[in-house]
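Trainee: Sharing a structure below in C-alpha cells format, with a few things to ask.
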Amino acid sequence: MSPETLSVLQLLPALVSGGVERGTLEVARALIAGGHRSIVVSAGGPLVNQLIAEGSAHLTLPLDRKSPLALGQVLRLRRLLDTVRPDIVHARSRLPAWIAWLALRGMPEATRPRFVTTVHGLYSVGRYSAVMTRGDVVIAVSETARRYVLEHYPACPEARIRVIHRGVAAAEFPPGHRPEPAWLDAWYQRYPRLRDAVVITIAGRITRRKGHDTFLRLIAALRRDGVPAQGVVVGVAARARYDRELRRAIAQRQLDEAITFTGARDDIREVLASSNLVVALSVLPESFGRTALEALSLGVPVLGWGHGGVGEILAALFPDGSVPPFDEAELVHRARMLLSRGRGQVPGVAPFTLERMCEETIAVYHDLVHGRRRTASS
161 MSPETLSVLQ
171 LLPALVSGGV
181 ERGTLEVARA
191 LIAGGHRSIV
201 VSAGGPLVNQ
211 LIAEGSAHLT
221 LPLDRKSPLA
231 LGQVLRLRRL
241 LDTVRPDIVH
251 ARSRLPAWIA
261 WLALRGMPEA
271 TRPRFVTTVH
281 GLYSVGRYSA
291 VMTRGDVVIA
301 VSETARRYVL
311 EHYPACPEAR
321 IRVIHRGVAA
331 AEFPPGHRPE
341 PAWLDAWYQR
351 YPRLRDAVVI
361 TIAGRITRRK
371 GHDTFLRLIA
381 ALRRDGVPAQ
391 GVVVGVAARA
401 RYDRELRRAI
411 AQRQLDEAIT
421 FTGARDDIRE
431 VLASSNLVVA
441 LSVLPESFGR
451 TALEALSLGV
461 PVLGWGHGGV
471 GEILAALFPD
481 GSVPPFDEAE
491 LVHRARMLLS
501 RGRGQVPGVA
511 PFTLERMCEE
521 TIAVYHDLVH
531 GRRRTASS
C-alpha cells in the first residue's frame with residue numbers, strides 16, 4: 161500500500177438493518193471508491209453480502225451478545241488485529257467499542273491502530289456508555305450528540321470531538337421523486353383509503369418515546385377542521401402492550417378509518433414520496449433524524465419538534481417545519497399551513513449530504529494516521 165492508502169476496520173454488533181449499519185456500509189463504500197482497504201467486523205447478517213459485493217472484507221465475531229462472555233472476544237480481536245494490521249479501528253456501538261478498547265490496550269502504543277468512536281445515539285449515561293468517548297477522535301453525529309458528550313462526560317476533551325452530521329444521497333432520495341405508477345397501483349390497492357387523501361406519515365419503531373399518541377391527536381384535530389387527513393404509521397411496535405394501547409386510543413377517537421399501520425417497509429423512499437407531510441415527534445431529543453432528512457431530500461415537507469437532531473435539521477433546512485416542543489396547538493396550525501402550501505418549498509439538504517459525511521470521516525482517518533507518521537519521522 162502507498163503511504164496515502166488507509167486500512168480501516170469498522171466494528172458493530174451485526175449487519176441487519178438500521179442507521180448504524182447504513183452508516184458503516186456508506187463509509188466502507190467510500191473507502192473502496194477512494195482506493196483504501198475496508199474491513200468490517202460484526203456478528204454477520206443479511207447486509208454482509210452487499211458489503212462484500214461492494215468491495216469490503218467481512219470478518220465474523222459475536223459482537224452482538226451483551227453478556228460478560230462477550231469480553232472473551234478481546235483476545236480473538238487482538239489476534240485479528242495483529243493479522244490484519246489496520247491503521248484505524250472505528251467502533252460504532254458500545255459493546256464492540258469495549259472489546260476494541262480492551263484489545264487495543266494490550267498492543268504496543270507505537271504500532272497499535274488509532275481508535276475512532278462514533279456517538280450515534282444519546283445513550284444512557286454511565287460507565288458502560290463512557291467507552292464511546294475514549295476514541296482518539298470521537299465523532300458526534302450532530303451538535304446534539306456533541307453537547308450530550310460534553311455535558312455527561314466532561315473528562316472527554318472538547319478538542320477530541322468532531323461533529324460529522326449524517327447525510328443522505330441525493331441520488332438515492334432525489335428531489336421531486338415520484339413513485340412509479342406500478343408501485344402506486346399496488347400501494348393503493350392494498351391501502352385504498354389513501355388514494356386522493358391528505359397523507360401524513362410517521363416512520364420509525366412504534367414506541368412511547370416516538371410520539372405516536374401526539375400523532376393521533378394531530379390527525380384527529382386536522383379531521384375536525386375538515387382536512388381529509390389519513391395517518392400512515394410505518395414501523396413495528398417495540399412492545400405489544402403499547403401497540404394495544406395505541407389501537408385503543410384510535411378506537412376511542414373514532415380514527416379507525418383514518419390510521420393505517422403498514423408494518424416495516426423496505427421501500428421507505430416511495431412511502432415518503434407518496435406523502436403530503438412527514439412528521440417527527442419524538443418526546444426525547446434524538447441524536448439525528450435520518451427519516452426527516454430523507455423526506456426533505458425528496459422535497460416532502462417535514463413537521464417536527466424543534467429539539468435534538470431533528471430540530472437541527474429543520475432549523476438549517478426547513479424552519480417552517482420546526483415547532484416548539486410539545487406545543488400541540490402550534491403543531492396543528494403549522495400542519496395546516498404546510499399542507500396548504502404543498503410540496504416544492506424544500507430547498508435541498510446541503511450540507512447534510514452523504515458525500516460530505518464520507519469525505520469528513522475519511523479526513524479524520526487521514527489526520528490520525530498521517531499525524532502519527534509525521535511524529536514518527538520527526
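Following the numbering used here, the numbering of the sequence shown begins with 161 at its first residue and continues without gaps.
From the three backbone atoms N, C-alpha and C, an ideal C-beta is built for every residue, glycine too.
Less than 8 Å between the beta carbons of I199 and V244, yes or no?
Mentor: Yes.
Trainee: Counting only the same chain and skipping the five closest in sequence on each side, list residues whose C-beta sits under 6 Å from that of A536.
Mentor: Low confidence applies to A536: its pLDDT is 49, below 50, so where it sits in the model is not reliable enough to give any reading.
Trainee: Tell me which same chain residues have a C-beta within less than 8 Å of the C-beta of L540, skipping the five on either side of it?
Mentor: Here the chain covers residues 161 to 538 and nothing more, so residue 540 does not appear.
Trainee: From the DSSP output, read off the bridge partner residues of L458.
Mentor: Looking at the DSSP assignment, L458 forms no beta bridge with any residue, so it has no partner.
Trainee: Short of 6 Å in beta carbon distance, which residues of its chain neighbour S434, apart from the five on each side in sequence? Order them along the chain.
Mentor: Closer than 6 Å at the Cβ level, and outside the excluded window around S434, lie P339.
Trainee: For P273, which of I248, Y283, D296 and Y288 has the nearest alpha-carbon?
Mentor: Cα-wise, what sits closest to P273 is I248.
Trainee: CB T451 to CB Y402, shorter than 8 Å?
Mentor: Taking 8 Å as the Cβ cut-off, T451 and Y402 do not qualify as a contacting pair.
Trainee: I need the DSSP call for F421, collapsed to helix, strand or coil.
Mentor: Of the three classes helix, strand and coil, the one that applies to F421 here is strand, per DSSP.
Trainee: For a test of the three-state rule: what should DSSP assign to I212, helix, strand or coil?
Mentor: Helix, per DSSP.
Trainee: Check whether the region 199–217 and the region 287–296 are in contact - that is, three or more C-beta pairs closer than 8 Å.
Mentor: No: the two stretches stay apart, fewer than three of their Cβ pairs being nearer than 8 Å.
Trainee: Tell me A251's beta-bridge partners as DSSP assigns them.
Mentor: Paired residues: L171 and T277.
Trainee: Per DSSP, V285 is paired with what?
Mentor: Per DSSP, none; premise fails for V285.
Trainee: Whole-angstrom Cβ separation of F333 and R429, contact assumed at under 8 Å?
Mentor: Contact holds; Cβ gap of about 6 Å.
Trainee: Just curious, the alpha helix (DSSP H) that Q390 is in, first and last residue?
Mentor: Element bounds for Q390: not the alpha helix (DSSP H) but the beta strand (DSSP E), A389 to V394.
Trainee: For R494, count neighbouring Cβ atoms within 10 angstroms of its own Cβ and tell me buried if that reaches 16, exposed if not.
Mentor: Buried: at least 16 other Cβ atoms inside 10 Å.
Trainee: Output yes or no for whether 8 Å exceeds the beta carbon distance between L282 and S447.
Mentor: Yes, the pair counts as a contact, with Cβ atoms nearer than the cut-off.
Trainee: For R254, count neighbouring C-beta atoms within 10 Å of its own C-beta (all shown protein chains included) and say buried if the count is 16 or more, exposed if not.
Mentor: That one is buried.
Trainee: Rank V529, A424 and R326 by C-alpha distance to the C-alpha of R516 and give the top, closest one.
Mentor: The option with the nearest alpha carbon to R516 is R326.
Trainee: How is the alpha helix (DSSP H) around L344 delimited, first residue to last?
Mentor: Note, L344: alpha helix (DSSP H), P341 to R350.
Trainee: Which stretch, first to last residue, makes up the beta strand (DSSP E) that contains A230?
Mentor: Unbroken run through A230: none, as it is neither H nor E.
Trainee: Once DSSP output is grouped into helix, strand and coil, what is the label at G266?
Mentor: Coil, per DSSP.
Trainee: Residues in its own chain within less than 6 Å of A217 by CB, not counting five upstream and five downstream?
Mentor: I199.
Trainee: Can you tell me whether S538 is buried or exposed? The criterion is at least 16 other CB atoms within 10 Å of its CB, across all chains shown.
Mentor: Residue confidence for S538 is low, a pLDDT of 43 falling below 50, so the modelled location carries little weight; the figure read from the coordinates is stated next. Exposed, because fewer than 16 other Cβ atoms sit within 10 Å of the Cβ of S538.
Trainee: Would you call A260 buried or exposed, if buried means 16 or more other Cβ atoms sit within 10 Å of its Cβ?
Mentor: So A260 ends up on the buried side.
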